[in-house]
Amino acid sequence: MRGKLAIGITANFINNKTPAEERVPEISGVAYIFNQSFFKEMYAKTGVDLENIVYYKACCVIRFFLYLEIPLCCSSNYTL
27 MRGKLAIGIT
37 ANFINNKTPA
47 EERVPEISGV
57 AYIFNQSFFK
67 EMYAKTGVDL
77 ENIVYYKACC
87 VIRFFLYLEI
97 PLCCSSNYTL
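Numbering-wise, the working numbering comes out as the position in the sequence shown, counting from 1, plus 26.
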């Protein structure tokens, strides 16, 4: 970790099997320390500052999206 407080979040989404959902690739586990350019690009595009990310697709109903996020402690408009 980069020496900051982190929060783990797990989210489950219904897999509607749309073409757009099917094109999203799984992420078997990426850590900031091993792929800094990936996380810097994500932060530039979304404003989300992550430490690591894992994304698995279930074949039938649910998709699992797990990540460890570094909270924006000083932001008054940050909400979980």
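In this text, a Cβ means the ideal position worked out from N, Cα and C, and glycines have one as well.
Remember, predicted model here, so these are calculated numbers, not experimental data.
Can the beta-carbon of residue i be found closer than 8 Å to that of residue j?
i	j	result
Glu47	Tyr81	no
Ala84	Asn42	no
Residue i: buried (16+ other C-beta within 10 angstroms of its C-beta) or exposed?
i	result
Phe60	exposed
Leu106	Because Leu106 sits at a pLDDT of 49, beneath the cut-off of 50, its placement in the model cannot be relied upon, and the point is left open.
Tyr69	exposed
Ser101	Caution applies to Ser101, whose pLDDT of 48 falls short of 50 and renders its modelled position unreliable; the value that the coordinates give is listed next. Ser101 comes out exposed.
Cα separation between residue i and residue j?
i	j	result
Tyr104	Asn78	Because the pLDDT at Tyr104 is just 48, under 50, the model does not fix this residue reliably, and the value given afterwards should be weighed accordingly. Going by the C-alpha atoms only, they are around 19 Å apart.
Gln62	Thr44	31 Å
Gly2	Tyr58	It is not possible to answer for residue 2, since the shown part of the chain is limited to 27 through 106.
Ala37	Val50	16 Å
Glu67	Ser54	18 Å
Lys71	Phe39	22 Å
Return the Cβ separation of residue i and residue j in integer angstroms, given the expectation that the two are a contact with Cβ distance under 8 Å.
i	j	result
Val56	Phe64	6 Å
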